[in-house]
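If you read the sequence shown in our numbering, its first letter stands for residue 32, the second for the next number, and so on. Think of the CB as a built atom: it goes at the ideal place given N, C-alpha and C, for glycine as much as any other residue. On a predicted model such as this, the values are computed, not experimentally measured, just so you know. These notes concern the structure reproduced below.
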Amino acid sequence: SRAMHFFAKVIILDEPTNNLGVEETQGVLRFVKEVRNAGHTVLFITHNIHHVFQVADRILVMRRGEVIAERTVADTDLLSVESIITGADMSELLHDAKTQ
Numbered sequence: 032s033r034a035m036h037f038f039a040k041v042i043i044l045d046e047p048t049n050n051l052g053v054e055e056t057q058g059v060l061r062f063v064k065e066v067r068n069a070g071h072t073v074l075f076i077t078h079n080i081h082h083v084f085q086v087a088d089r090i091l092v093m094r095r096g097e098v099i100a101e102r103t104v105a106d107t108d109l110l111s112v113e114s115i116i117t118g119a120d121m122s123e124l125l126h127d128a129k130t131q
């Protein structure tokens, strides 16, 4: 909230929900949405892809410090991003698991 007080245009949050309980996590996600809706840019760094889809407009996937993909949330889905992250076709893995 200090960032809002000082009128920051960009807010960087590195793993803000890491090690938080469910209620605290929901509070952080609400805060991020409020800040974003107020017109601020939020850089939300996380390994929790489900949180990304709740608060992001755009997704950047990085590996070893390099951007390997950029998508808008509106133009992608969870399986596609998981495939990019893992380097595997998650839809095929999901299909294989269902048929076994």
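Anyone know if the C-beta pair for residue i and residue j falls short of 8 Å?
| i | j | result |
| --- | --- | --- |
| V63 | L51 | no |
| T117 | N79 | no |
| F84 | L109 | yes |
| V92 | V112 | yes |
Going by DSSP in three states, residue i sits in which element: helix, strand or coil?
| i | result |
| --- | --- |
| T117 | helix |
| A100 | strand |
| L91 | strand |
| T77 | coil |
| T72 | strand |
| D45 | strand |
| A39 | coil |
| T107 | coil |
Between residue i and residue j, which are expected to be in contact by the criterion C-beta below 8 Å, what is the C-beta distance as a whole number of angstroms?
| i | j | result |
| --- | --- | --- |
| T77 | V41 | Incorrect: roughly 17 Å between the Cβ atoms, too far for contact. |
| I115 | V104 | With a Cβ gap of about 14 Å, I115 and V104 do not count as contacting. |
Exposed or buried, which one is residue i when buried takes at least 16 other CB atoms within 10 Å?
| i | result |
| --- | --- |
| V31 | In the structure as shown, the chain starts at 32 and stops at 131, and residue 31 therefore has no counterpart that could be examined. |
| V66 | buried |
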